[in-house]
Amino acid sequence: MPAILEPQNKSATDVWLRVVDRAEELRLQPGDQLPSVRELASHLGLNPNVVRSAILCAQTNGAVRVVPRVGVYLETSPVNARFTVDETIPGVESTLRSGLSREHVNVLHVLEARRVIEVELIGLAAERRRLEDLLPARRLLDTMLQMPSETSRQEYVALDFRFHAELARLGGNDVLASMQRTLTDLLAGHFAGTPGSLDRRIDSERLHIEIYSAVVAGDALKARQAMHEHLSNVYQYLIGFIQHPPEPRAAKQP
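Residues 1 to 254 (full-length UniProt numbering) are what the sequence shown spells out, left to right.
Next up, the structure:
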């Protein structure tokens with residue numbers, strides 16, 4: 001039976017996630033060639049032009065390398081490739097970023113704004129989520145939980161931000177998701193420069209599990225409460241770090 005073509009108004013994100021699903025089914029790794037656009041379109045039941053557009057978006061974000069008249073090659077693992085195409089609004093991001101960069105904005109105010117936005121978004125995610133859309137967030141959560149304790153702080157923070165960005169996307173409000181991404185990007189340097197601890201990681205992962213579980217259950221109130229608790233803990237930790245930074249290490253004597 002021939003594949004039935006679905007409506008062609010799917011977003012680049014939706015189509016790309018299905019391409020990545022296919023890459024995982026085929027156990028492809030970085031450097032491997034994806035099936036042709038025509039093969040993917042036939043397998044997914046989509047117009048080849050829709051698949052081609054999603055791949056071009058992924059190329060722009062560094063997930064794939066397109067070699068003309070040869071093929072398309074994965075540049076990153078399928079897990080990471082899931083988070084290279086997003087539906088944020090560039091105008092919102094650039095306006096907010098440029099406005100904040102012209103002011104001496106208190107980083108704690110940025111944290112407060114992020115908390116307000118993410119608490120609202122996670123409630124929307126719990127209300128609007130479709131179970132089939134939750135797999136990317138689940139895979140990110142599983143990856144974080146399996147990270148060895150010696151993982152670098154920068155790597156762990158980057159994965160944490162991806163998890164939060166994926167939850168924000170599930171809220172279905174592109175304006176809020178764009179604001180969340182911009183504020184998180186502004187905070188990235190502050191977080192990467194803070195020391196981690198096993199106790200903080202355990203507490204953070206406990207709340208990540210609570211947040212995700214509440215979204216799966218469709219419990220918007222519990223999701224908001226868990227996100228508020230999580231980001232309030234982050235806020236208090238960063239306040240402590242800013243007010244009482246660690247003493248610089250003394251240089252070793254020759």
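Cβ coordinates follow ideal geometry from the N, Cα and C atoms, glycine included.
Between residue i and residue j, what straight-line distance do the alpha-carbon atoms span, to the nearest angstrom?
i, j, result
"T143", "Q154", "15 Å"
"M147", "T194", "18 Å"
"E25", "P35", "12 Å"
"E127", "A226", "15 Å"
"S42", "L231", "44 Å"
"L183", "E39", "39 Å"
"L56", "L176", "25 Å"
"I239", "F191", "12 Å"
"A188", "L46", "37 Å"
"G218", "R69", "46 Å"
"V116", "V20", "32 Å"
"K222", "I211", "8 Å"
"S178", "S149", "31 Å"
"Q243", "G62", "38 Å"
"L170", "F241", "31 Å"
"S204", "N233", "9 Å"
Is the beta carbon of residue i sitting closer than 9 Å to the one on residue j?
i, j, result
"V215", "I122", "yes"
"A168", "A125", "yes"
"L141", "F161", "no"
"Q33", "V72", "yes"
"V15", "S77", "no"
"V119", "H228", "yes"
"L44", "R27", "no"
Kindly indicate which three-state DSSP category residue i falls into: helix, strand or coil?
i, result
"Q29", "coil"
"L74", "strand"
"E229", "helix"
"R129", "coil"
"G172", "coil"
"D160", "helix"
"T13", "helix"
"I240", "The sequence shown places Gly at residue 240, rather than the Ile named in the question. Residue state, collapsed to three classes: helix."
"P136", "helix"
"R207", "Here residue 207 turns out to be Leu, not Arg, going by the sequence shown. It is helical."
"M147", "coil"
"T182", "helix"
"L40", "helix"
"G123", "helix"
"P48", "helix"
"D219", "coil"
"G189", "helix"
"R69", "coil"
Within 10 angstroms of its Cβ, does residue i collect 16 or more other Cβ (buried), or is it exposed?
i, result
"P136", "buried"
"L198", "exposed"
"R114", "buried"
"residue 263", "Residue numbering for the chain in the displayed model covers 1 to 254; residue 263 lies beyond these limits and cannot be assessed."
"L108", "exposed"
"V67", "exposed"
"G31", "exposed"
"residue 271", "In the structure as shown, the chain begins at 1 and stops at 254. Residue 271 is therefore absent and cannot be evaluated."
"L131", "exposed"
"L74", "buried"
"L17", "buried"
"L186", "buried"
Sort out for me which residues DSSP pairs residue i with in a bridge.
i, result
"V64", "L74"
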